[in-house]
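Visitor:
Protein chains: 4
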Amino acid sequence: MQNTASKIKVGIVGGTGYTGVELLRLLAQHPQVTLHAITSRKEAGLPVADMFPNLRGHVDLAFTTPEEAALTDCEVVFFATPHGVAMAQAQQLLDAGVRIIDLAADFRLQDTAVFEQWYKMPHSCPEILRKAIYGLPELNRHALANARVVGNPGCYPTTVLLGLAPLLKPKVLIDTGDIIADSKSGVSGAGRKAEVGALFSEVSDSFKAYGVAGHRHHPEIKAQLDQLAGVSVGLTFVPHLVPMVRGMLSTIYVKLLPEAKSIDLQALYESFYQNETFVDVMPAGSQPETRFVRASNTLRLALHRPPGHPDRLIVLAVQDNLVKGASGQAIQNMNLMFGLPEGTGLSQVAILP
Amino acid sequence: MQNTASKIKVGIVGGTGYTGVELLRLLAQHPQVTLHAITSRKEAGLPVADMFPNLRGHVDLAFTTPEEAALTDCEVVFFATPHGVAMAQAQQLLDAGVRIIDLAADFRLQDTAVFEQWYKMPHSCPEILRKAIYGLPELNRHALANARVVGNPGCYPTTVLLGLAPLLKPKVLIDTGDIIADSKSGVSGAGRKAEVGALFSEVSDSFKAYGVAGHRHHPEIKAQLDQLAGVSVGLTFVPHLVPMVRGMLSTIYVKLLPEAKSIDLQALYESFYQNETFVDVMPAGSQPETRFVRASNTLRLALHRPPGHPDRLIVLAVQDNLVKGASGQAIQNMNLMFGLPEGTGLSQVAILP
Amino acid sequence: MQNTASKIKVGIVGGTGYTGVELLRLLAQHPQVTLHAITSRKEAGLPVADMFPNLRGHVDLAFTTPEEAALTDCEVVFFATPHGVAMAQAQQLLDAGVRIIDLAADFRLQDTAVFEQWYKMPHSCPEILRKAIYGLPELNRHALANARVVGNPGCYPTTVLLGLAPLLKPKVLIDTGDIIADSKSGVSGAGRKAEVGALFSEVSDSFKAYGVAGHRHHPEIKAQLDQLAGVSVGLTFVPHLVPMVRGMLSTIYVKLLPEAKSIDLQALYESFYQNETFVDVMPAGSQPETRFVRASNTLRLALHRPPGHPDRLIVLAVQDNLVKGASGQAIQNMNLMFGLPEGTGLSQVAILP
Amino acid sequence: MQNTASKIKVGIVGGTGYTGVELLRLLAQHPQVTLHAITSRKEAGLPVADMFPNLRGHVDLAFTTPEEAALTDCEVVFFATPHGVAMAQAQQLLDAGVRIIDLAADFRLQDTAVFEQWYKMPHSCPEILRKAIYGLPELNRHALANARVVGNPGCYPTTVLLGLAPLLKPKVLIDTGDIIADSKSGVSGAGRKAEVGALFSEVSDSFKAYGVAGHRHHPEIKAQLDQLAGVSVGLTFVPHLVPMVRGMLSTIYVKLLPEAKSIDLQALYESFYQNETFVDVMPAGSQPETRFVRASNTLRLALHRPPGHPDRLIVLAVQDNLVKGASGQAIQNMNLMFGLPEGTGLSQVAILP
């Protein structure tokens, strides 16, 4: 084990939400990290383990105000905040040599007009944005190694992008004009905000689609798919809310191009992801369940060719929305940025049952 | 209120499963029915309210053996049994003038080869099958009024067929070669059988697709769509399991034909279903939740035209899989067959929360 | 069916919470009621079925302001509001001859000092309070028939009081100094308020005790038990939160007095409740489940004498907290107040599964 | 890291149930263990990760027959089997020098007559039983260090015993004749058996007491309490089923003896458990939730003195029934038996949300 002096000094801005407590859970077990500060103006002074008693005995930190936090002393700062916070503080941290991983959307969308349309605020630091890297390690590993600012992907985009990448890169094998992602998420994706719509009595024992007319992750997925495919793709994306706490499954429907029909797609996927620590291509015909990845950083994929539809491919992708879909992926990015083995501190086995 | 003499004398074969107890719940409140007998060889002698204590004070019947049940004295017999039971007993009941409503699959598929492929048993009474009516009242109302044998639809088919009918009849408005139904069901659809896969600890707080390689409801949906459209349609159908007891939502993706793009589809649907008691076309842009129909016989629909996709239509359909998807629909069929107002005994308001 | 003229004209104040929508669900099916008005200053103008789409096709009313509502035209007004609202409006309604059923706590506690201690507000109409009747029909039936103001019981008190009444009245059979009620409630009991503690992600797949240091229903239960027993009882009451929407179970531990040990308590309970429509004494040894009463107005009881403890009696009581524990009981009270058969409009069979 | 040669060679008998997969999850992350074999006659040949895909990438073992497993080559064998299996194989393993940790009940009850009464089978190896140690490390640490056979405690007993031990040892501070444990468990405690009663549709969104007339853990708790207290205690124990997968909470009601009323019980508990890795005495007045310990080996306790009841003490205890209540505790025992730090491989932070 390294001594403390050589560990990464980490700060967290925000931290009273679910991605915050999940960062803490994972970082508390990370052998190369020291938690330096966690900020919350509202909760300043409160031990984090009083708010999240699962951390009792594991995290001694208390929330502090941003002023006291001395975040410029950190080597990396995670923003587990609402949209707009990271961009307000980025320049100051960068000036002090601190690297930034934003779990909100400030650095996900290179097109600021699109950002402003969907997030209803101007982008305050487009120059930093231009240098920010989209934090999907499996696709951007080399750029991430040198990144100063990382826009950690949305939860839905992670499933759809890793589900489709092997079909788009290096060669487009599908009709890019006709991609459907029917996605389902657990309720923790809605965050830890006091809203009637996320009450137990509103969502338990029920199921619905939401955001059908437009969801913020649609432009994010499309921008990344466009880049992978080299063309503007046609994407239909419908998110749904599942009465479970964690977990996300995307059922992705694509049409194979004629030249793809003879390709062994299972082998293609297995080859594409063969060196990945956190992407598991399950055997052909598998039916992944979200509990197969609960509380772990693994995303599992399965391919299906429904009988009687020679050009139809169905990709199933599952992840824990709070881990691979948020805080685990952020730590995976941190590992890359600091030259650590990508899986450091992320070897947890999924909880089943 | 009619006197007892004029009430419909009803028998139930099976009745130890979820469609059985749901039939009993609804029939116990039906003003024009007397429950004559309920059979279960295994549970003969047991009061049904001992097995299903929600019925205490409402149903006094005990299970009896088929021999004791004198089903031939009934006017109508519901089969809430595994596949294959109704066809074994149908001829004898018909000979006695008893009408039959089968909640299993024996009388759903006119093509016996398809039946045998999917249900792994020969069809023992193809002549009765030929005269059987597919029990979807909104589409087959006139035929049902005179039916002697009704094949009550599967739960998934009800959502997809009612979701698409206005687009196919009288005129085909969509690309029939490219229909996708991404359907999600509560766990009660799996029945009340002792199976590891339906244990609470296996399915709670998790989500999965299943039957991706082929589900028995696929040929049923396709056969009915083929008939509605007058051509062989291309259907991709993927069912999913939601950790909730009751409820079903289908997200249906279709492509509009050029001539359909100028049609007011919302008005078309509202017109198509304007006289229906149990189909509710919600305002455009609505996002129906399964709890909006919990424990009621109503199916609610909503239409969405996602921005940027002028030819894409998304239909959302929700129902309670045990009511409109099974036992409620069976009673709706019974009402039709006996000349009662279709909604008799089915006016329950959905339970929310 | 009576004609409209003879129906009870009903108003509801509040109605955007769970007891409100449950009142609407039940009153919409009540044959002797016309819904006259439902008020919500905040939602004025909104059709109630837009907020609660389960009511689509059943309730046409829109929310109105209290000013527009003309509540003084009603024969009875239900208050489904926070504590303190009913007492502010009671005098005006009473002056107009309107009867009042308050589902909050304003008229539950005769001791205003206790009320003020627990509800943190002065009681503004102690004279009305003195004439108010505690709305537990099984114990106060005669007084309720002539009541002008009814304090509808809390959900927990209903289970504990009906669970213990046969042991206290006409004769005390238990050690009144040592009563323990370990109660468990579904989350809908917390209401439809935007609070972090009731979010799905906070309470699903978890379990806790709450209010251990003191819960508002403790003084209410104690006051009624004191009255039944004729002495000041010693009550330990610990509520717990169950990850389910509806339902409540109280496990009540008492010690039998020596003279009670020879009594057939099962027979005593059956006799005590033999004429009750909504109390079901299950066979000795039964283990009632909350789903046995889901969405129905029935409370089911079972008695247990654990082996090896001759003086220990355990009473299990289950109800739907929103029906018998709130809105159903309120309607049962209304029926009594207007001379209708007590079960009118309340014959729903519990939903299982 | 130690080299493989020095690691503990572990075998598992059974392993197709929830305690089995939980053992595998935890042992796969244990730095001092090599998994040698896992047996299941029925599943022989199947990779365990095919049955439990959460283990993909973490456990390469396949199930083997007992014959092939060469369990006598192991240093320790866990039995994650139905009751009766361990006692049938114990002598042979002991003769080979293998230590045994049984997660079933074969070695929990020293009184074979009681065992036979509750488990309906004769005890086949009473001499081994006499030397077996009850595997509750916090109470039996020294004996466990030299144990050859460990009876791993039941889940309920762990909560009640750790909840009461400081009140009984070294000095009895409570009325031992009047102990009530009202316990609530998640459904995984029922195991991974195909039984109707544990189906999702039977237990979800519902709550019940069970085993009120007698539960197998009653004699186990009583035997251990008797030993702690040095007298025969009077225990009322009522288990309940909570619609959640994991988690257990016991609400324990006791009466303080006069001499206990002046003692600072909070300090007493904190002192009693001050050196324990896995028992957390929360601050006075805390309300522990089962999710505070989900998937971790920690048991958390809180004490309450309800106002107005000077002699009443309420102890709340939560644990994950599959970890501290089963497999985690088994590994804690193994660590003790092999001279490892007790927390080795058990440092997982609880999963919240």
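Residue numbers (numbering that gives the first Met the number 0), protein chains in the order written: chain A, 0 to 352; chain B, 0 to 352; chain C, 0 to 352; chain D, 0 to 352.
Glycine residues also receive a C-beta, built at the ideal position from the N, C-alpha and C atoms.
It should be emphasised that the depicted structure is a prediction, and the values quoted were computed from it without experimental measurement.
1. From the DSSP output, which residues share a beta bridge with residue 13 (chain A)?
2. Which chain B residues sit within Cβ distance under 9 Å of residue 194 (chain D)?
3. Work out the CA separation of residue 298 (chain D) and residue 408 (chain D) for me, nearest whole Å.
4. Check distances from the C-beta atoms of the region 201-213 of chain B to those of chain D and list, in chain order, the residues that come in under 8 Å.
5. Determine, using beta-carbon pairs with one atom in the region 94-104 of chain B and one in the region 138-151 of chain B, whether at least three such pairs fall under 8 Å.
6. Taking the alpha-carbon positions, what's the residue 283 (chain C) to residue 344 (chain C) distance?
7. Chain B partners of residue 183 (chain A), CB-CB under 9 Å?
8. Going by DSSP in three states, residue 102 (chain C) sits in which element: helix, strand or coil?
9. Is there a Cβ from chain A that is less than 9 Å from the Cβ of residue 59 (chain D)?
10. Quick check: is the beta carbon of residue 17 (chain A) nearer than 9 Å to any beta carbon in chain C?
11. On the criterion of 16 or more Cβ atoms from any shown chain inside 10 Å, does residue 336 (chain A) qualify as buried, or is it exposed?
12. For the region 309-321 of chain B and the region 251-262 of chain B, state whether three or more C-beta atom pairs, one from each stretch, are separated by less than 8 Å.
13. Given a cut-off of 9 Å, decide if residue 112 (chain C) and residue 350 (chain B) are closer than it, judged by their beta-carbon atoms.
14. Exposed or buried, what is residue 120 (chain D) when buried is set at 16 or more other beta-carbons lying within 10 Å of its beta-carbon?
15. Per DSSP, what kind of secondary structure is residue 140 (chain D) in: helix, strand or coil?
16. For residue 348 (chain C), collect the residues of the same chain with a Cβ closer than 8 Å to its Cβ; drop the 5 residues on either side in sequence, then sort them by chain order.
17. Compare the C-beta of residue 215 (chain B) with all C-beta atoms of chain A and state if any pair is closer than 9 Å.
18. Rounding to the nearest angstrom, what Cα-Cα distance links residue 215 (chain D) and residue 306 (chain C) in this structure?
19. Which residue or residues does DSSP assign as beta-bridge partners of residue 389 (chain A)?
20. What are the complete alpha helix (DSSP H) segments, minimum 4 residues, inside the region 19-65 of chain D?
21. Using DSSP with H/G/I as helix, E/B as strand and the rest coil, what is residue 200 (chain C)?
22. Within 10 angstroms of its Cβ, does residue 207 (chain A) collect 16 or more other Cβ (buried), or is it exposed?
23. Classify residue 230 (chain A) as buried or exposed, calling it buried when 16 or more other Cβ atoms lie within 10 Å of its own Cβ.
24. Which residues of chain C have a Cβ atom closer than 8 Å to the Cβ of residue 244 (chain A), listed in chain order?
25. Going along the chain, which residues of its own chain have a beta-carbon closer than 6 Å to the beta-carbon of residue 8 (chain A), five neighbours each way excluded?
26. Specify, as a first and last residue, the run of the beta strand (DSSP E) that residue 247 (chain B) falls within.
27. Would you call the CB atoms of residue 242 (chain B) and residue 51 (chain D) closer than 9 Å?
28. What residues are listed by DSSP as bridge partners for residue 317 (chain A)?
29. Determine the chain B residues that contact residue 28 (chain C) at a beta-carbon separation under 8 Å, and present them in chain order.
30. Out of curiosity, what's the CA-to-CA distance linking residue 274 (chain A) and residue 300 (chain A)?
31. Is there at least one Cβ from chain D nearer than 9 Å to residue 272 (chain C)'s Cβ?
32. Identify the contact partners of residue 187 (chain A) in chain D, using a Cβ-Cβ distance below 8 Å as the criterion.
33. Buried or exposed: which applies to residue 342 (chain C), given that a residue is buried once 16 or more other Cβ atoms fall within 10 Å of its Cβ?
34. Can you name the start and end residues of the alpha helix (DSSP H) that residue 183 (chain C) belongs to?
35. Does residue 0 (chain C) come within less than 9 Å of chain A when only Cβ atoms are used?
36. Per DSSP, which residues does residue 268 (chain B) bridge with? Please list them.
Guide: From the atom records:
1. A:79
2. 193, 198
3. The shown model of chain D, from 0 to 352, leaves out residue 408 (chain D), and the question about it has no answer.
4. 201, 202, 203, 204
5. yes
6. 30 Å
7. 183, 206, 239, 241
8. coil
9. no
10. yes
11. buried
12. yes
13. no
14. exposed
15. helix
16. 295
17. no
18. 13 Å
19. An answer regarding residue 389 (chain A) cannot be provided, because it is not within the stretch 0 to 352 covered by chain A.
20. 47-50
21. helix
22. buried
23. exposed
24. 199, 200, 203, 204
25. 33, 35, 73, 74
26. 247-254
27. no
28. A:248, A:299
29. 346, 347, 348
30. 15 Å
31. no
32. 352
33. exposed
34. Per DSSP, residue 183 (chain C) belongs to no alpha helix (DSSP H); it is in the beta strand (DSSP E), 178-184.
35. Note that residue 0 (chain C) has pLDDT 40, beneath the 50 cutoff, so the model's placement of it is unreliable and the number below is only indicative. It does not: the Cβ of residue 0 (chain C) has no partner Cβ on chain A nearer than 9 Å.
36. Partner(s): none; residue 268 (chain B) has no beta bridge.
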